[in-house]
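Since the structure comes first, as structure tokens, the remarks are kept for the end.
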Amino acid sequence: MSASVAEIPVESRVHYLNVDYGIKSWLFTTDHKRIALLYLGSITLMFFIGGIAALMMRLNLLEPNGAIVNPETYNKLFSMHGIVMVWFFLVPSIPATLGNFLVPLMIGARDVAFPKLNLLSWYIFIIGACFTLYAVISGGVDTGWTFYTPLSSLYLTTHVLAAASGIFITGFSSILTGLNFIVTIHRMRAPGLTWFRLPLFIWSLYATSVIFVLATPVLATTLMLVGLERVFHAGFFDPRLGGDPILFEHLFWFYSHPAVYIMILPAMGVISELITAFSKKRIFGYKAIAYSSMAIALVGFFVWGHHMFVSGQSAYAGLIFSALSFAVAIPSSVKVFNWTATLYKGSISYDAPMLYALGFIGLFTMGGLTGLFLASMAVDVHVHDTYFVIAHFHYIMVGGAVMGYLGGIHFWWPKITGRLYPDVWARLAAVTIFLGFNLTFFPQYILGYLGMPRRFAMYPPEFQALNVLSTAGASILGIGYFIPFIYLLWSIRYGPVAPANPWGAKGLEWERAPSPPPKENFEEIPVVTEGAYMYGNPESYNV
Amino acid sequence: MEEPIVSVRTYVIVFVSLLVLAALTTYIASFDLGIWNTAVAMAIATAKMALVGLFFMHLWFKPGLTRVAVVCGFFWLGLLIALILVDVFTRNSIPRAIGTPL
Amino acid sequence: MSDNVAAGGPDINLPAHRHPHPGLHSHFETMEQQREAGTLGIWVFLATEILFFGGLFACYVEMRAIHYQGFQVGSHLLERNFGAAMTFILLASSFTMAMAVHSARTGSRRLLVVFLVLTIVLGAAFLGIKFTEYGQKWHEHLVPGFNFQPTSEQLKGAPAGNVEMFLCFYFFMTGLHALHMIIGIGILTVMTILGLKGRINADRYSYIEVSGLYWHFVDIIWIYLFPLLYLVGGR
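Chains as they are written, first to last, in my numbering: chain Y, 490 to 1032; chain Z, 15 to 116; chain R, 745 to 979.
The following block contains the structure:
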């Protein structure tokens, strides 16, 4: 048995970052860890772009008549904010960065099943991003991220085709990533690593990958149909030619509702890892959480019509979708209960990742509960297309998914870079983000309830106070996001060198691989003999 | 565990069956059976798909996981089509409030 | 060997780097794992293709449900015999493709190449008929968006917009299918070259198996397209 990997001095160790140098070794890499970093850089840039759009929107909303842009520009801003944040940041964020880095490490494999396909996924993402950025630069798109017809298919002269092509192309990046993860998790687990010994992060990524492969192709077809309609005037979505605009919405939301589960499931997986690691306690209800991930993926496909209650869809269909939408909340709540039960009598430490996890639980719960308001048709009729909806999904996407992403980045940063970041700044940033977030989005619940519509560049003057509060919060939130950017970059060069397992966490990536790992991940493939999260006294577990 | 090699005889039988089914569906389409035209055509197409899938694509010999992947694909597609049709066919089923125009 | 193999994992007593099979990629432990991963991968990919074409089918289904008469008229404008001929050709190409995989597994290199070439020829024949059909539609002034001018006896009382929409579906769906066929022919050409070089044999047949699965899938799409487009309503 060789010396513990933590004892080998890092300067003399070869790992995946220094095993070879030069731009070609990065652009032609098939190492999943390097590909993860390529994604990390790309999505950070896209987050910045989407964030600038948000900043301009919020600045504009300081005044009831629009403070800095005219309504046409405002329409383009919210469209690009949505498109960039959804498809070029949130959807790839955790799966393509943390997922790509960690899946092989967590299951004891040397790489994903199809490493070259993995690299191709990143290139496809970049090409799609270029198309979309071209659409932004050449004047933007103003359909909203939802591209509703007939507005997008008939009436506009903005760059719908370019933006839609960009998203179409990027969709294939997600499909291939999902395919890679499914095959990797099925076929490349280490000996002894049965399904119910897997970390819950893997379960959540598996569920996410199922959604990737089944939902994204329909998005591709839908965007293709919009393009064909624009070019050939086929009339699928044009009532004058016998088409049906609601058909577009069916096809679009069949993907886009499961897409929101793509965005939240990996974050939930991260939270499961963080809660257990920072309570030093085995997670409560492992199987329930694992099954709930699969249930969310499954039932999430049955509920898309809740985006269409007021579209002209039949009320019968609406009834079915409403009932099913209530059902889909159940597995999510199972998770929240189990995380809370895990905390009970745990040995809790308040490091930055844990602060993000705790923030997630609170904010996700609020966002999720307001989803139930929206699922009941009678309420939705009043708050559809208002700021209530915006607050709801930002609580989940930003208060949930982005906090989960940041928590995961902070948790695994030592493993990825071999460095530690400054603790105090990290906790300060987490708190700033939490406070800034709530100040930004809580007023929006009230605004929506009071009737302020979304996607409007102007509003009645009585809403100004709440809008100003929201913009103030957004500024604080922006600062909060900027702080980690600084210290994380700083830590790569100047941070203290990290041991293999700085948190004392369980898991193959912590216990069997150094920080950072070597290119092949493990000297020898580990053999797994125990379940996940075996903290504390082993005799107390009846496994 | 390597997959067994399917015999040439099996392939030939399947191929001939496919040709027969294709001829059958073309022939039946020359009669006007109303709604049954579509139903019969889809049934025959599904039978042909099953033959190609089970024998040419070796699904008959594959482990359960592969069959699950295939079933999932069709189930999800069926879901999409079914719920769209529920919407389309029930748009006018629930009477609107008195006084609102159709 | 050991319970880790029983658990579904690789046999760690024979690590890959000590006795590597020439075709083994370094991130896999055994050839069996590699082959199983490849097979599962292609099937998952086919599931995505079901949903990809499926979105188009869903759109078609709704429009046909609403505009059945127009779709029936549009379908009668298509040449049923061409459709049947294409169906027979494609089914035959699936047979020759299955035989090609069979030849690889039984180690017969000559038959492998023969059947691959036959499959390519049949695929090309299919495409030949399809493009002839497209050309015919152009001459008949029935191409939507370009020169759609049907005569009234062609329309038989159905709204022209609905007939035009049907033909849009015809061109889009068969066009997307034809694109997949062209890609398939490209893949099979590569397979033929690999087969000639002896790189496909009874020990290394995953490439040809994967290509076969793709080809059969494209055939299955046509199996549904044929009745949906060419056989709407009786005559």
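Just so you know, even glycine gets a beta-carbon here, dropped at the ideal spot from N, CA and C.
Taking a Cβ-Cβ cut-off of 9 Å, R/H811 has no neighbours in chain Z, whose nearest Cβ is about 11 Å from it. With 16 or more other Cβ atoms from the protein chains shown falling within 10 Å of its own Cβ, Y/P584 counts as buried. Around the CB of R/H883, fewer than 16 other CB atoms lie within 10 Å, so the residue is classed as exposed. Closest in C-alpha terms to Y/L566, from the list Y/I541, Y/H648, Y/F1011, Y/W576, comes Y/I541. Linking Y/Y1022 to Y/A989 through their CA atoms gives a straight-line distance of about 17 Å. Rounded to whole angstroms, Y/W902 and Y/G967 show a C-alpha spacing of 21 Å. Apart from sequence neighbours up to five positions away, the residues of its chain that approach Y/S662 with a beta-carbon distance below 6 Å are S610, I613, F614, ordered along the chain.
Considering only beta carbons, no part of the segment 864 to 895 of chain Y lies closer than 9 Å to chain Z. Annotation: Z/Y41 to Z/V54 spans about 11 Å, alpha carbon to alpha carbon. When secondary structure is reduced to three states using DSSP, R/R853 falls in the helix class. Rounded to the nearest whole angstrom, the CA to CA distance from Z/T80 to Y/R908 is 42 Å. Annotation for R/A842: G956, H960 place their beta carbon closer than 8 Å to its own, counting only its chain and skipping 5 residues before and after.
For Y/R982, the enclosing alpha helix (DSSP H) stretches over residues 953 to 983. Listed along chain Z are Y25, F70, each with a C-beta nearer than 7 Å to that of R/A842. If you compare the alpha carbons of R/T774, R/T783, R/Q813 with that of R/G905, the shortest gap goes to R/Q813. With its beta carbon at least 8 Å from every one in chain Z, R/P766 lies outside the interface. Taking CB atoms only, R/S770 has no neighbour in chain Z less than 8 Å away. Identification of residues in the segment 92 to 105 of chain Z having a C-beta nearer than 7 Å to some C-beta of chain Y yields L93, L94, L97, I98, V100, D101, T104, R105, given in sequence order. Y/H722 reaches chain R at G889, counting residues in chain order whose Cβ is nearer than 7 Å.
If you check the CB distance, Y/A651 and Y/N589 do not come in under 8 Å. Listed in chain order, the non-local C-beta contacts of Z/I19 below 8 Å within the same chain number zero, local neighbours out to five positions each way being set aside. Annotation: Cβ neighbours of R/V788 in chain Y (cutoff 7 Å, chain order): L668, I671, V672, V702.
By the Cβ rule, the segment 815 to 833 of chain R does not count as touching the segment 726 to 734 of chain Y, because fewer than three pairs are nearer than 8 Å.
For Z/H72, the CB contacts under 8 Å within the same chain, skipping 5 residues up- and downstream, are E17, V20 in chain order. When the Cα atoms are used, Y/L936 and Y/W634 turn out to be separated by approximately 22 Å. Contact of R/S852 with chain Z is not assigned, every C-beta pair being separated by 8 Å or more. For the 8 Å CB-CB criterion, Y/V649 and Y/V625 do not form a contact. Interface criterion met: the Cβ of R/E773 is under 8 Å from a Cβ in chain Y.
Look at Z/V20 here: in three-state DSSP terms it is coil, with no helix or strand label. Of the other Cβ atoms in all chains shown, 16 or more fall within 10 Å of the Cβ of Z/F70; this residue is therefore buried.
Scanning chain R for C-beta atoms nearer than 9 Å to the C-beta of Z/W74 yields nothing, as the closest lies near 13 Å away. The segment 814 to 825 of chain Y makes contact with the segment 857 to 876 of chain Y: 3 or more CB pairs, one atom from each, lie closer than 8 Å.
Taking 8 Å as the cut-off, the beta carbon of Y/I879 is found no closer than this to the beta carbon of Y/S800.
For Y/G889, the CB contacts under 7 Å within the same chain, skipping 5 residues up- and downstream, are I753, A756, F849, L852, F853, G856 in chain order. Contact check for Y/I922 against Y/G993 fails: the beta carbons are separated by 8 Å or more. Spatial neighbours of R/I786 in its own chain (CB-CB distance under 6 Å, excluding positions within 5 residues in sequence) are listed in chain order as V954, L957.
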